[in-house]
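Asks:
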Amino acid sequence: MPLLKPASAMTIADQMEDQGAGEAVKKEMAFRVAQRVMTCCPRDKEEFPQLGTVKYVGAVEGQKGTWIGVDWDSGEGRHDGSLEGVRYFQARLPSSASFVRSHLLSTGCTLIEAINSRYKGSTDPSEEGVDD
1 MPLLKPASAM
11 TIADQMEDQG
21 AGEAVKKEMA
31 FRVAQRVMTC
41 CPRDKEEFPQ
51 LGTVKYVGAV
61 EGQKGTWIGV
71 DWDSGEGRHD
81 GSLEGVRYFQ
91 ARLPSSASFV
101 RSHLLSTGCT
111 LIEAINSRYK
121 GSTDPSEEGV
131 DD
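Note that the sequence shown covers residues 1 to 132 in full-length UniProt numbering.
(1) From this set, GLU61, ARG92, SER82 and LYS64, which residue's C-alpha is nearest GLU76's C-alpha?
(2) Looking at the structure shown, is ALA34 part of a helix, part of a strand, or coil, going by DSSP?
(3) Buried or exposed: GLY65, going by 16 or more other Cβ atoms within 10 Å of its Cβ?
(4) In its own chain, which residues sit with a C-beta less than 6 Å from the C-beta of SER96, not counting the 5 before and 5 after it?
(5) Who pairs with ALA97 in a beta bridge, going by DSSP?
(6) Using the Cα positions of GLU61 and ILE68, report the straight-line distance between them to the nearest angstrom.
(7) Please report the Cβ distance between GLN35 and THR107, rounded to the nearest whole angstrom; I am assuming they are in contact, meaning their Cβ atoms lie under 8 Å.
(8) Which residues in the same chain as PHE31 place their Cβ atom closer than 8 Å to its Cβ, once the five residues preceding and following it in sequence are excluded?
(9) How would you write the range of the beta strand (DSSP E) that LEU51 sits in, first residue to last?
(10) Is the Cβ-Cβ distance between LEU111 and PHE99 less than 8 Å?
(11) Identify the continuous alpha helix (DSSP H) that holds ALA114 and give its terminal residues.
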């Protein structure tokens, strides 16, 4: 018989796994307010992934499923944390926030991934065009 974690030590994801929740639902629950996130798949016009802070996790009126409200560091969002007259959170700027589906966000990466993502530099010195 498998050992069970004490209820106080179980995370929401652990409880959902015990209850047989799907991967998509577990990923949605992995996000929490004040958490730092980045886009997984940069849009065509973006050279680098966007970085931001989660300000809201939950339902959005008139939409299905769970949405993640993010205030983007770049200030390049679509609104201020309100949507169709309903305030979900307060963004830093009038258009620095977006509501995003969880599958389009990542909660982190390794230091090497972050450096490569930010600077898009080659790690192979032979590709740097060093003069002899």
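In this text, a Cβ means the ideal position worked out from N, Cα and C, and glycines have one as well. Given the structure is predicted, the values throughout are model-derived calculations rather than measurements.
Replies: For this structure:
(1) Ranking the options by Cα distance to GLU76, first place goes to ARG92.
(2) Correct three-state label for ALA34: coil.
(3) Residue burial is scored here from C-beta neighbours: GLY65 has fewer than 16 other C-beta atoms within 10 angstroms and is therefore classed as exposed.
(4) Closer than 6 Å at Cβ, skipping near neighbours: ASP71, TRP72, GLY75 and GLY77.
(5) According to DSSP, which records beta bridges pairwise, ALA97 is partnered with ASP71 and HIS79.
(6) So the two alpha carbons sit approximately 13 Å from each other.
(7) At roughly 6 Å, the Cβ-Cβ gap stays under 8 Å, so GLN35 and THR107 are in contact.
(8) Cβ neighbours of PHE31 beyond the five flanking positions: VAL37, VAL54, VAL57, ILE68, SER102, LEU105 and THR107.
(9) Where LEU51 is concerned, the enclosing beta strand (DSSP E) stretches over 51-58.
(10) Against a cut-off of 8 Å, the Cβ pair of PHE99 and LEU111 comes out as no contact.
(11) Note, ALA114: alpha helix (DSSP H), 111-119.
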